[in-house]
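With the working numbering as the guide, the letters of the sequence shown map in order to residues 39 to 339.
Just so you know, even glycine gets a beta-carbon here, dropped at the ideal spot from N, CA and C.
Step one of this worksheet: look at the structure below.
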Amino acid sequence: MGNDGGSIPKRSELVREAARNPTAAEQKETQQEQQHWLWTTDPITNEPLEEPIVSDCNGRLYKKESVLKVLTGDESINEAEAKKATFGAIKSLKDVVEVKFEADPQAGKETQSIKWMCPITNKPLGPGSKAAYLVPCGHAFSGAAIKEVADGKCLKCGEAYAPNDVITIIPTVGEDIARLALRMNTLKDKGLTHSLKKGKKKKTKGTDEVAGEEQIPELITAVKEKPSKRKIDENGSKTNGIKNSSAASVTAKVLEEQERLKKKRKTEDNKNLSSLFSSRDQSKPIGRSSDFMSRGFTIGK
Numbered sequence: 039m040g041n042d043g044g045s046i047p048k049r050s051e052l053v054r055e056a057a058r059n060p061t062a063a064e065q066k067e068t069q070q071e072q073q074h075w076l077w078t079t080d081p082i083t084n085e086p087l088e089e090p091i092v093s094d095c096n097g098r099l100y101k102k103e104s105v106l107k108v109l110t111g112d113e114s115i116n117e118a119e120a121k122k123a124t125f126g127a128i129k130s131l132k133d134v135v136e137v138k139f140e141a142d143p144q145a146g147k148e149t150q151s152i153k154w155m156c157p158i159t160n161k162p163l164g165p166g167s168k169a170a171y172l173v174p175c176g177h178a179f180s181g182a183a184i185k186e187v188a189d190g191k192c193l194k195c196g197e198a199y200a201p202n203d204v205i206t207i208i209p210t211v212g213e214d215i216a217r218l219a220l221r222m223n224t225l226k227d228k229g230l231t232h233s234l235k236k237g238k239k240k241k242t243k244g245t246d247e248v249a250g251e252e253q254i255p256e257l258i259t260a261v262k263e264k265p266s267k268r269k270i271d272e273n274g275s276k277t278n279g280i281k282n283s284s285a286a287s288v289t290a291k292v293l294e295e296q297e298r299l300k301k302k303r304k305t306e307d308n309k310n311l312s313s314l315f316s317s318r319d320q321s322k323p324i325g326r327s328s329d330f331m332s333r334g335f336t337i338g339k
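Here's what the structure looks like:
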């Protein structure tokens with residue numbers, strides 16, 4: 039029964055447990071671990087977060103040095119892995135905003151990991167706390183501080199911001215994730231990036247024509263109605279756009295001669311074509327072949 043010298047396995051060693059859904063406690067523990075990793079680790083290089091720190095439109099945090107390496111094509115960065123880590127949201131520095139955290143000096147001395155606090159409430163900013171930063175200034179606050187003082191101006195520098203430009207840092211609630219996605223779609227329709235700077239326009243034929251007609255319709259109309267190189271004067275002769283009368287007359291004669299030679303080449307007999315056809319009179323018979331189609335068959339005696 040043991041098959042290997044007398045060892046008898048137990049049933050628990052042979053039968054695996056059935057698959058089950060994780061409990062609420064297990065899900066919460068996994069979420070906390072993921073939050074802690076995202077708050078303390080750069081997802082591009084898997085190194086600890088160090089200032090300066092930037093964030094994309096999804097609220098994820100990165101080292102600015104890592105983002106610069108991705109954009110410059112540094113050999114130490116795997117392009118495919120970097121695109122997967124950023125979800126393809128970072129294509130230029132206009133797609134990120136530098137987040138200005140208020141460092142907690144006491145937490146920095148006790149632990150090696152970087153921790154921050156809200157400059158208004160002095161509450162810690164990190165895993166388990168709802169925090170947000172403002173665009174375009176980048177100052178970070180706790181969610182409660184922004185909600186209580188909703189006057190449309192940054193509490194740190196006084197710069198004005200729109201309610202839609204409050205970016206939740208590492209959002210976990212579906213409502214916050216959907217709001218950030220809707221904000222980015224709205225900015226793209228306006229031709230803006232996450233930092234509210236103008237983005238690069240895609241060079242497509244249709245959009246370029248439409249945009250051009252909206253911006254400078256006179257120029258588009260002039261191009262569409264551009265006359266041909268050879269202008270025809272009042273008498274009907276081609277002048278090729280030459281204003282000098284003597285030069286224009288010479289040019290007209292040359293053009294007329296070219297047209298005449300061209301017509302002559304078309305009308306004169308072509309030896310190559312003539313060789314393909316017979317020149318004899320088809321109505322006259324040719325010896326014994328004259329009755330080929332009506333000739334009968336006779337048997338010799």
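In this chain, the beta strand (DSSP E) harbouring lysine 101 covers 99-101. Threonine 78 carries a helical assignment under DSSP once its states are collapsed to helix, strand and coil. For proline 162, the pairing in a beta bridge is given by DSSP as Met155.
One alpha carbon belongs to isoleucine 208, the other to valine 53, and they sit about 40 Å apart.
Scanning Ala118, Gly176, Asn202 for the CA closest to the CA of leucine 193 turns up Gly176. If you ignore the 5 residues before and after glycine 181, its C-beta comes within less than 7 Å of the C-beta of Lys168, Ala169, Ala170, all in its own chain and listed in chain order. Using a C-beta cut-off of 8 Å, the region 106-123 makes no contact with the region 215-231, since fewer than three inter-stretch Cβ pairs fall below that distance. The residue among Arg58, Gln65, Leu131 with its C-alpha nearest the C-alpha of glycine 237 is Leu131. Bridge pairing for proline 86: Thr79 [DSSP].
By the neighbour-count criterion, in which a residue is buried when 16 or more other Cβ atoms sit within 10 angstroms of its Cβ, valine 292 is exposed. DSSP places serine 283 in the helix class (H, G or I) of the three-state scheme. Lysine 101 and isoleucine 115 do not touch by the CB rule: their CB atoms are close to 12 Å apart, not below 8 Å. The alpha-carbon separation between valine 105 and threonine 78 amounts to approximately 16 Å.
With a contact defined as Cβ atoms closer than 8 Å, isoleucine 205 and alanine 183 miss out at about 15 Å.
Inter-residue distance for glycine 111 and alanine 216 is about 31 Å (C-alpha atoms, whole angstroms). For histidine 232, same chain residues with a beta-carbon under 6 Å away, outside a window of 5 residues either side, are Cys95, Asp133 in chain order. Under the rule that a run must span 4 or more residues, the alpha helix (DSSP H) segments found entirely inside the region 174-199 read 181-186.
The bridge partners DSSP lists for leucine 230 are Lys236. If you compare the alpha carbons of Val135, Leu163, Pro165, Pro162 with that of leucine 172, the shortest gap goes to Val135. The beta carbon of proline 174 is closer than 7 Å to those of Val135, Ser233, Leu234 in its chain, skipping five residues each way along the sequence.
Under a 10 Å Cβ-count criterion, leucine 299 is classified as exposed, with fewer than 16 other Cβ atoms of the shown protein chains found around its own Cβ.
Looking at the DSSP output, serine 93 sits in a beta bridge with Leu99, Val135. According to the DSSP assignment, threonine 124 belongs to the alpha helix (DSSP H) that extends over 117-124. Following the DSSP letters along the chain, one finds threonine 206 inside the beta strand (DSSP E) bounded by residues 204-206. Per the DSSP secondary-structure output, leucine 172 pairs in a beta bridge with Val204. When the five nearest sequence neighbours on each side are left out, the beta carbons in the same chain lying within less than 8 Å of the beta carbon of alanine 188 are those of Pro201, in order along the chain.
The beta carbon of leucine 87 lies closer than 7 Å to those of Thr78, Thr79, Asp80, Leu99, Lys101, Ile152 in the same chain, with the five residues before and after it left out.
Pairing glycine 126 with leucine 218 gives a Cβ-Cβ distance that is not under 8 Å.
With distances taken between CA atoms, aspartate 203 lies nearest to Ala178 out of Ala178, Thr210, Cys156, Val211. Counting other Cβ atoms within 10 Å of its Cβ, cysteine 156 reaches 16 or more and is therefore classed as buried. Leaving aside the five residues that flank tyrosine 199 on each side, the residues in its chain whose CB is nearer than 8 Å to its CB run, in chain order, Leu172, Val173, Pro174, Cys175, Gly190, Lys191, Cys192.
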